[in-house]
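Here the structure is laid out as structure tokens; the discussion comes afterwards.
Numbering (my numbering), first residue to last: 8 to 113.
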């Protein structure tokens, strides 16, 4: 997948969600109190819900519905710092690594 280098939080979020959806996960978004988006693959819907708050939690599920991991997002830092934490497993590490590679692209 070829993504351009994100220059702000919104572009970074779009790149991250695109990476996740391309790997056949669905995403639920927690805004700190509720889950306004559940098991979605709609990139604009996911990005809108996640960016409506300063911190959001993404829960990723595989095709079998099982939770694959979680990704914590914090907005307002440098775009490459959007991910503040993630589940420590091979699937989430692969997503994180692909996301970080976006910032080495010209």
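Glycine residues also receive a C-beta, built at the ideal position from the N, C-alpha and C atoms.
Fair warning: this is a prediction, and the values are worked out from it, not measured in the lab.
Distance between beta carbons of residue j and residue i, contact taken as under 8 Å
i, j, result
"residue 101", "residue 80", "Residue 101 to residue 80, Cβ: 17 Å. No contact."
"residue 20", "residue 106", "Wrong, their Cβ atoms sit about 10 Å apart, outside the cutoff."
Cβ shell of residue i (< 7 Å), same chain only, five flanking positions each side left out
i, result
"residue 32", "67, 68, 69 and 75"
"residue 94", "76 and 77"
"residue 14", "86"
Boundaries of the beta strand (DSSP E) in which residue i is found, first to last residue
i, result
"residue 64", "62-68"
"residue 92", "90-93"
6 Å CB neighbourhood of residue i in its chain, flanking five on each side removed
i, result
"residue 42", "35"
Range of the contiguous alpha helix (DSSP H) that encloses residue i
i, result
"residue 80", "No alpha helix (DSSP H) holds residue 80; the beta strand (DSSP E) holding it covers 74-81."
DSSP beta-bridge partners of residue i
i, result
"residue 44", "36"
Open item on the list: Between the region 35-46 and the region 59-73, can you find at least three pairs of beta-carbon atoms closer than 8 Å?
Closed with: Yes: the two stretches touch, three or more of their Cβ pairs being nearer than 8 Å.
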